[in-house]
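Q:
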Amino acid sequence: MARYDPPIDAAAQRAHDLAEQQGLRGYLDPHSGLFVMTARALLERGSCCGSGCRHCPYPADVQEASGRPRVRRPS
8 MARYDPPIDA AAQRAHDLAE QQGLRGYLDP HSGLFVMTAR ALLERGSCCG SGCRHCPYPA
68 DVQEASGRPR VRRPS
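Our numbering puts the first residue of the sequence shown at 8, with every later residue one more than the last.
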């Protein structure tokens, strides 16, 4: 049974949505300042890397098969 990541906080989700609207591959996290890839950029990679990406667009079973210990709930 999958263990799920906590929900994405509102400020990070807004930054993600703005980056996607602008066609950017990522954004700077409003709390840490780290670069975070958008779901679209991750999908363009072609496969789940299993690294625990915040906006992973792949289904839970694919995330688990890639070795991700906790999966992102589908939106």
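A virtual CB, placed ideally from N, CA and C, is assigned to each residue, including glycine.
Give me the Cα-Cα distance between P66 and T45, rounded to the nearest whole angstrom.
A: 16 angstroms
Q: What do you get for H23, buried or exposed, if any count of 16 or more other CB atoms within 10 angstroms of its CB means buried?
A: buried
Q: Suppose contacts are defined by Cβ-Cβ distances below 9 angstroms. Is L35 in contact with L41 by that definition?
A: yes
Q: Closest to Q29 by CA distance: which of D16, I15, A17 and R47 is it?
A: R47
Q: How close, in whole Å, do the beta carbons of R79 and Q70 come, if the pair is a contact with beta carbons under 8 angstroms?
A: R79 to Q70, Cβ: 7 angstroms. Contact.
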